[in-house]
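*Asks:* The structure that follows is given in the form of C-alpha cells.
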Amino acid sequence: MQRLLIANRGEIAVRILRACREAGISPIAVYSEADREALHVALADAAYPIGPAPATESYLRIENLLHAAQQAGADALHPGYGFLSENADFAQACAEAGITFVGPPAEVIRLLGDKIAAKKRMEAAGVPIVPGYNDDDQSNRRLRQEAKQIGTPLLIKAAAGGGGRGMRVVDAIEEFDTALDAARREALAAFGDDRVLLERYISRPRHIEFQIFGDTQGHVVHLFERECSIQRRHQKIIEESPSPILTPELRARMAQAAVQAGLAAGYVNAGTVEFLLEERPDGDHRFYFLEVNTRLQVEHPVTEAITNRDLVRLQFHIAAGEPLPFTQEQIAATGHAMEVRLYAENAAAGFLPSVGRLAQWIAPEGPGVRVDSGVERGSEVTPYYDPMLAKLIVHGATRAETLARMEQALQNFHVLGVQTNIPYLLAILRHPAFQTGQLSTRFLQEHFQSWKPPQAIPTEVLLALAAEAVTATEARSNLPAAALDGDPYTPWRAGNAWRNT
Amino acid sequence: MQLQFQHKDNLIVLDVEKDGEGWRVRLPDGTERRIVLCRRPDDVLQIAEIETDRSGERAFRMPFARTENGLEFSFAGASYTFTPATRQAGGRRRSASGALTAPMVGTVADVLVQEGQRVEAYQPLVIIEAMKVMTAVEAPFAGIVKAIHVQPNQRVTHGEAVAEVSPLMEAEE
Numbered sequence: 001m002q003r004l005l006i007a008n009r010g011e012i013a014v015r016i017l018r019a020c021r022e023a024g025i026s027p028i029a030v031y032s033e034a035d036r037e038a039l040h041v042a043l044a045d046a047a048y049p050i051g052p053a054p055a056t057e058s059y060l061r062i063e064n065l066l067h068a069a070q071q072a073g074a075d076a077l078h079p080g081y082g083f084l085s086e087n088a089d090f091a092q093a094c095a096e097a098g099i100t101f102v103g104p105p106a107e108v109i110r111l112l113g114d115k116i117a118a119k120k121r122m123e124a125a126g127v128p129i130v131p132g133y134n135d136d137d138q139s140n141r142r143l144r145q146e147a148k149q150i151g152t153p154l155l156i157k158a159a160a161g162g163g164g165r166g167m168r169v170v171d172a173i174e175e176f177d178t179a180l181d182a183a184r185r186e187a188l189a190a191f192g193d194d195r196v197l198l199e200r201y202i203s204r205p206r207h208i209e210f211q212i213f214g215d216t217q218g219h220v221v222h223l224f225e226r227e228c229s230i231q232r233r234h235q236k237i238i239e240e241s242p243s244p245i246l247t248p249e250l251r252a253r254m255a256q257a258a259v260q261a262g263l264a265a266g267y268v269n270a271g272t273v274e275f276l277l278e279e280r281p282d283g284d285h286r287f288y289f290l291e292v293n294t295r296l297q298v299e300h301p302v303t304e305a306i307t308n309r310d311l312v313r314l315q316f317h318i319a320a321g322e323p324l325p326f327t328q329e330q331i332a333a334t335g336h337a338m339e340v341r342l343y344a345e346n347a348a349a350g351f352l353p354s355v356g357r358l359a360q361w362i363a364p365e366g367p368g369v370r371v372d373s374g375v376e377r378g379s380e381v382t383p384y385y386d387p388m389l390a391k392l393i394v395h396g397a398t399r400a401e402t403l404a405r406m407e408q409a410l411q412n413f414h415v416l417g418v419q420t421n422i423p424y425l426l427a428i429l430r431h432p433a434f435q436t437g438q439l440s441t442r443f444l445q446e447h448f449q450s451w452k453p454p455q456a457i458p459t460e461v462l463l464a465l466a467a468e469a470v471t472a473t474e475a476r477s478n479l480p481a482a483a484l485d486g487d488p489y490t491p492w493r494a495g496n497a498w499r500n501t
Numbered sequence: 001m002q003l004q005f006q007h008k009d010n011l012i013v014l015d016v017e018k019d020g021e022g023w024r025v026r027l028p029d030g031t032e033r034r035i036v037l038c039r040r041p042d043d044v045l046q047i048a049e050i051e052t053d054r055s056g057e058r059a060f061r062m063p064f065a066r067t068e069n070g071l072e073f074s075f076a077g078a079s080y081t082f083t084p085a086t087r088q089a090g091g092r093r094r095s096a097s098g099a100l101t102a103p104m105v106g107t108v109a110d111v112l113v114q115e116g117q118r119v120e121a122y123q124p125l126v127i128i129e130a131m132k133v134m135t136a137v138e139a140p141f142a143g144i145v146k147a148i149h150v151q152p153n154q155r156v157t158h159g160e161a162v163a164e165v166s167p168l169m170e171a172e173e
C-alpha cells in the first residue's frame, strides 16, 4: 500500500491520516463543498472534491469516491466509520477496481450487516442470542403474533439498521401496530429497507462489546472489552475498559464467544462483537449476541490505550495480507481507559445540534490524556454531518484515577461559539451510580431524564465578565486619556497585555 | 459604573468601581471583590482576585470570545453567554399564536399534514432533520392547519416560519 484514500471526514479522517504518516503511506483526502477548509484536507498529501455538502451527494457517493481514488492513483482505501464503512457494495466496488479496502471482505460485511442472517449464523455457531423473531415473513399479522409470543416489553429493530434508527420499544401489545409503522418508516428512510426484527427487551442491560481482529490466514483474536452502557437514544457517549461488572471468568467466556462469532463469520480485519449483558442478582449474569460492527469503532482509542496497540496500523497490516503479528496470549491489558464524545449540541434545549464557528478551542493536555478531533479554533460546525466535535480519551492505573483524570480534562476543555455537552458529561461522571460502576443502557433515562445544567454562574465568571466589559468600554471611550496618563499599570492601556509585576 | 447583562432569562447587575490598579466589583449576591486584570489578549483573560485580609492573591484564567451569541466565557467545564441587558429585557416570550418556526437549521424531512387538516395538541406536523437528528415541529394545541410554509427537502434556518395552526374554537367560529 503506497497511497491510501480516506473516504471520510472529521476526527476519524485525521486519525487515519496520522497512522498513514507513521506507516509511510501517502494519505489522500476527500471533501464535500462544506469541508473545503477542514483540517483533514490540509493535512493530506492531496485532496479531491467529491460533491455538495449533503452526505448523500458526497461522502455517500460510491462512484465519486472511486473516481477520486483513481484520479489520485490510490491503491488502498480506508472507509473510517459511519458513511459507507459498512456498505458491502462499496467494499466490493473497491475490490473490483483493484483498490485494497481496509476492512472486511464484501461478503462478510453483507452477512453481518443483515441482522437477521447474522443472528442465524451466530445461533448456529453456539453464540448466545436474545430470544426473538428474525425471519422473512414480514406481514403485520405474523409480526403481531410473534410479538405476543415474545411478550412485552419487546424491541422492534430495523433489519438493516444501526445507530438506533428504526428502533422502537413496545411496552404493551396494544402499542405494537403504531410502533411497527413508525419503525418501518424510519428504517425505510434511513436504510432504504423496511424489514424489521423483534426481540425480547432486556429492561436494564449493559452494553459490552469485544474488539476482535481477524487475518486472511483465518486467525481471530480479541483485544478485550469496552463497556458502552452510557447511551442517549441508543448513541454511545461514554465508553470504558475494563467493564466494572466483568469478572475474569465472565470476561473469558464472553471473549471466547466473540472470537467464536468472528470465526463463524470468517472475519477479517477490525470488528466489534456487541453483547447485551443481563445482570442477575445471584451474580449469574447472562450475555447475548447483539451484532457485529464491521468497521473501526468510534471508541477504538479505549482499546488502544489499554493494549498499547495502534488499531489503524494493525488494520493496514491485515489489509496488506499479513498475518496477525501476535497471538492471543501476547495481548495484555493494563490500567483503565475511558472515552467521552464531545458533541456540539445544546443539552439544555432538547439536545438540538448547535452550529456555528468555533470561537475558542482549547483542548486539555497532560499525562494519559488524548484528544482526537477534526476541528480547531475557527472551524465551522455545519448542520450537514454528525455533531461530534472530538473524543477525549484518558488512561489511568485504576478506574478511580481515570475518573478523576477525565473530570479534570473535561474542566480544562474550552469550547466557545457553539454549545457543547461538556456540562452533561461532567454531571454523568460525577453521578454516584456512575462513580460506583452501576451502569445500564437505561442509565440516562433513569438518572438524567429531567437534567438541566446548573443555573448558577460561578463568581469567577462574573468577575471576568466585569473585567472584560469594563476594559472594553474603557478601551472604546477612554483610550486617549489612558494612553496619555502615563500609568504603565493601566491594564486597558493600548498594547499593554501584561501587568508589570 | 453599573453593568447590566442578560444571562438566559436572568438580569445580571454588576457595580464596578476603579480601585488602584484594578477594580472593586459588587456581585449580584451583594458581596464585593477586588480584582486585577493581569492579562488581556483577545482569547484568554487572566484575573487575580486580591484577598483583602492578606497580601496574597488568587489568579485564574478565563477563555472568552465575542461571538454573534454575545460575550461567551468558558470555566470549569461549562460555558456562559451574556448579552447586553437591553436586547432581551423581560425575558423570553412564549408565542401562543400557533405560528410555528424551525427550532434549528436543517432540512425538512417530512410534512405530515395538509393545510385545512384538523390536528391534535402535540401532533407532529413537520419533521426537520439536522445532522441525522429528526426533530418534530408539533402543534401547540388542537386546531386547524392554516398554512404550511415548507416542502420536503427544503432547507430551513433557525426561526424560519414552518407552519401555522389556529386554535380549534377560533377556527370553528
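So the protein sequences, as listed, match chains A and B. Residues in the first sequence are numbered from 1 upward in steps of one, following our numbering. Residues in the second sequence are numbered from 1 upward in steps of one, following our numbering. The beta carbon of each residue, even a glycine, is placed where N, CA and C say it ideally should be. Source: prediction; values computed, not measured.
(1) How big is the Cα-Cα spacing for E17 of chain B and V470 of chain A?
(2) Distance cutoff 7 Å, beta carbons only. Does I12 of chain A sit that close to anything in chain B?
(3) Measuring CB to CB, does L60 of chain A end up less than 7 Å from F90 of chain A?
(4) Cα separation between T101 of chain B and Y201 of chain A?
(5) Report buried or exposed for Y48 of chain A, applying the criterion of at least 16 other Cβ atoms within 10 angstroms of its Cβ.
(6) Kindly list, in the order they appear in chain B, the residues whose Cβ is closer than 9 Å to that of E33 of chain A.
(7) Assuming R172 of chain A contacts D193 of chain A (C-beta within less than 8 Å), just tell me the rounded distance between them.
(8) Which residues of chain B have a Cβ atom closer than 7 Å to the Cβ of G166 of chain A, listed in chain order?
(9) If the criterion is Cβ atoms closer than 7 Å, does the pair T272 of chain A and Q297 of chain A meet it?
(10) Could you check whether the Cβ of P63 of chain B sits closer than 7 Å to any Cβ belonging to chain A?
(11) Going by DSSP, what residue range makes up the alpha helix (DSSP H) through E446 of chain A?
(12) When you compare the CB positions of I109 of chain A and E86 of chain A, do they come within less than 7 Å of one another, or not?
(13) If we ignore side chains and look at the alpha-carbon of each, how far apart do L484 of chain A and W23 of chain B end up?
(14) Note the first and the last residue of the continuous beta strand (DSSP E) segment covering D15 of chain B.
(15) Assuming I208 of chain A contacts M254 of chain A (C-beta within less than 8 Å), just tell me the rounded distance between them.
(16) In chain order, what residues of the same chain have a beta carbon less than 7 Å from the beta carbon of W492 of chain A, not counting five sequence neighbours either side?
(17) Is there a Cβ of chain B sitting closer than 7 Å to that of V298 of chain A, yes or no?
(18) Would you say D177 of chain A lies against chain B (beta-carbon separation less than 7 Å)?
(19) Is the beta carbon of L112 of chain A closer than 7 Å to that of T294 of chain A?
(20) Can you name the start and end residues of the beta strand (DSSP E) that L342 of chain A belongs to?
(21) Mind checking P27 of chain A: buried by the 16 CB within 10 Å criterion, or exposed?
(22) I'd like to know whether the C-beta atoms of Y343 of chain A and M406 of chain A end up nearer to each other than 7 Å.
(23) So, is P28 of chain B buried or exposed, given that buried needs 16 or more other C-beta atoms within 10 angstroms?
(24) With 7 Å as the threshold, decide whether the Cβ of P367 of chain A is near any Cβ in chain B.
(25) Please classify A95 of chain A as buried or exposed, where buried requires at least 16 neighbouring CB atoms within 10 angstroms.
(26) Any beta-carbon of chain A closer than 7 Å to the one on I47 of chain B?
(27) Just the Cα atoms here: how many angstroms apart are G437 of chain A and N421 of chain A?
(28) Please classify N10 of chain B: is it buried, with 16 or more other beta-carbons within 10 angstroms of its beta-carbon, or exposed?
(29) Taking V381 of chain A as the reference, give the member of A:R36, A:L439, A:A19 with the closest Cα.
(30) Cα separation between P167 of chain B and I148 of chain B?
(31) How big is the Cα-Cα spacing for A69 of chain A and A97 of chain A?
(32) Does the distance from the C-beta atom of L197 of chain A to that of N140 of chain A stay below 7 Å?
(33) Leaving aside the five residues before and after I16 of chain A along the sequence, list all residues of the same chain whose C-beta is less than 6 Å from its C-beta, in chain order.
(34) What whole-angstrom Cβ distance do G266 of chain A and A38 of chain A have, given they're in contact under 8 Å?
(35) Taking the beta carbon of N64 of chain A as the centre, do at least 16 other beta carbons fall within 10 Å, making it buried, or is it exposed?
(36) So, at 7 Å on beta carbons, what are the nonlocal neighbours of G396 of chain A in its own chain, with the 5 sequence-adjacent residues on each side left out?
*Replies:* Taking the structure as given:
(1) Numbered from 1 along the second sequence, position 17 holds the residue referred to as residue 17 of chain B. Numbered from 1 along the first sequence, position 470 holds the residue referred to as residue 470 of chain A. Looking at the two C-alpha atoms, the distance is approximately 9 Å.
(2) Counting from 1 along the first sequence, the entry for residue 12 of chain A is found at position 12. No, no contact with chain B.
(3) Here residue 60 of chain A refers to the residue found at position 60 when the first sequence is read from its first residue. Here residue 90 of chain A refers to the residue found at position 90 when the first sequence is read from its first residue. It is not a contact, given that the beta carbons lie outside the stated cut-off.
(4) As a working note, residue 101 of chain B is residue 101 in the second sequence. As a working note, residue 201 of chain A is residue 201 in the first sequence. Straight-line Cα distance between these residues: approximately 37 Å.
(5) Numbered from 1 along the first sequence, position 48 holds the residue referred to as residue 48 of chain A. With 16 or more other Cβ atoms within 10 Å, it is buried.
(6) For the purposes of this step, residue 33 of chain A is taken as the residue at position 33 of the first sequence. Under the 9 Å cutoff, chain B gives no residues; its nearest Cβ is about 14 Å from E33 of chain A.
(7) For the purposes of this step, residue 172 of chain A is taken as the residue at position 172 of the first sequence. For the purposes of this step, residue 193 of chain A is taken as the residue at position 193 of the first sequence. Just to set this straight, residue 172 of chain A is Ala in the shown sequence, not Arg. Actually they are not in contact, since the Cβ atoms of A172 of chain A and D193 of chain A sit about 27 Å apart, beyond 8 Å.
(8) Your numbering for residue 166 of chain A matches position 166 in the first sequence. Per Cβ cutoff of 7 Å: no residues; G166 of chain A is ~12 Å from chain B at best.
(9) One-based indexing of the first sequence puts residue 272 of chain A at position 272. One-based indexing of the first sequence puts residue 297 of chain A at position 297. Result yes, Cβ atoms of T272 of chain A and Q297 of chain A sit closer than 7 Å.
(10) Locating residue 63 of chain B in the second sequence gives position 63, counting from the first residue. Cβ-Cβ to chain A under 7 Å: yes for P63 of chain B.
(11) As a working note, residue 446 of chain A is residue 446 in the first sequence. Annotation: the continuous alpha helix (DSSP H) that includes E446 of chain A extends over 443–448.
(12) Residue numbering aside, residue 109 of chain A sits at position 109 when the first sequence is read from its first letter. Residue numbering aside, residue 86 of chain A sits at position 86 when the first sequence is read from its first letter. Cβ distance < 7 Å, so I109 of chain A and E86 of chain A count as in contact.
(13) Against the first sequence, residue 484 of chain A aligns to sequence position 484. Against the second sequence, residue 23 of chain B aligns to sequence position 23. Only weak support is given to the placement of L484 of chain A: the predicted model assigns it a pLDDT of 38, under 50, and the value that follows is read from those uncertain coordinates. Roughly 20 Å separates the two Cα atoms.
(14) As a first step, residue 15 of chain B is located in the second sequence; it is residue number 15 there, counting from the start. It spans 10–19 - the beta strand (DSSP E) in which D15 of chain B sits, taken as one unbroken run.
(15) Within the first sequence, numbered from 1, the residue matching residue 208 of chain A stands at position 208. Within the first sequence, numbered from 1, the residue matching residue 254 of chain A stands at position 254. Indeed, because the Cβ distance is near 7 Å, the residues count as touching under 8 Å.
(16) Position 492 of the first sequence, counted from the first residue, corresponds to residue 492 of chain A. The predicted position of W492 of chain A is uncertain, since its pLDDT is 38 and thus under 50; a value taken from the coordinates is nonetheless stated next. Hits under 7 Å: T471, E474, A475, A482.
(17) Counted from its first residue, the first sequence places residue 298 of chain A at position 298. Taking Cβ atoms only, chain B never reaches closer than 7 Å to V298 of chain A, which makes this a no.
(18) Indexing the first sequence from 1 puts residue 177 of chain A at position 177. Not one chain B Cβ lies under 7 Å of D177 of chain A.
(19) For this step, residue 294 of chain A is matched to residue 294 along the first sequence. For this step, residue 112 of chain A is matched to residue 112 along the first sequence. Yes, they are a contact pair.
(20) Counting from one through the first sequence, the residue named residue 342 of chain A turns up at place 342. Where L342 of chain A is concerned, the enclosing beta strand (DSSP E) stretches over 336–343.
(21) Locating residue 27 of chain A in the first sequence gives position 27, where the first residue counts as 1. Here P27 of chain A is buried, its C-beta having at least 16 other C-beta atoms within 10 Å.
(22) Sequence index remark: in the first sequence, residue 343 of chain A carries index 343 (1-based). Sequence index remark: in the first sequence, residue 406 of chain A carries index 406 (1-based). Contact flag unset, no.
(23) As a first step, residue 28 of chain B must be located in the second sequence, where it is residue number 28. Exposed.
(24) Sequence index remark: in the first sequence, residue 367 of chain A carries index 367 (1-based). False, the Cβ-Cβ gap to chain B never drops below 7 Å.
(25) If you number the first sequence from 1, residue 95 of chain A lands on position 95. Exposed: under 16 other Cβ atoms inside 10 Å.
(26) Against the second sequence, residue 47 of chain B aligns to sequence position 47. Yes, its Cβ sits closer than 7 Å to a Cβ of chain A.
(27) Along the first sequence, read from residue 1 onward, the residue named residue 437 of chain A stands at position 437. Along the first sequence, read from residue 1 onward, the residue named residue 421 of chain A stands at position 421. Roughly 21 Å between the two C-alpha positions.
(28) The sequence position of residue 10 of chain B within the second sequence is 10, counting from 1. Here N10 of chain B is exposed, its C-beta having fewer than 16 other C-beta atoms within 10 Å.
(29) Numbered from its first residue, the first sequence carries residue 381 of chain A at position 381. With distances taken between Cα atoms, V381 of chain A lies closest to A:R36.
(30) As a position in the second sequence, residue 167 of chain B is number 167, starting the count at 1. As a position in the second sequence, residue 148 of chain B is number 148, starting the count at 1. Rounded to whole angstroms, P167 of chain B and I148 of chain B show a C-alpha spacing of 15 Å.
(31) Walking along the first sequence from the start, residue 69 of chain A turns up at place 69. Walking along the first sequence from the start, residue 97 of chain A turns up at place 97. Each residue's alpha carbon lies about 10 Å from the other.
(32) Here residue 197 of chain A is taken as the residue at index 197 of the first sequence, counted from 1. Here residue 140 of chain A is taken as the residue at index 140 of the first sequence, counted from 1. Going by C-beta atoms, L197 of chain A is not nearer than 7 Å to N140 of chain A.
(33) To locate residue 16 of chain A, count along the first sequence from 1; it is residue 16. Around I16 of chain A: I6, H78, V312.
(34) By one-based count along the first sequence, residue 266 of chain A stands at place 266. By one-based count along the first sequence, residue 38 of chain A stands at place 38. Their Cβ separation, rounded to whole angstroms, is 36 Å, which puts G266 of chain A and A38 of chain A out of contact at 8 Å.
(35) Here residue 64 of chain A corresponds to residue number 64 of the first sequence, with the count starting at 1. So N64 of chain A counts as buried.
(36) Taking the first sequence and counting its residues from 1, the one referred to as residue 396 of chain A is at position 396. Within the same chain, G396 of chain A has close Cβ partners G335, H336, G368, T402, R405.
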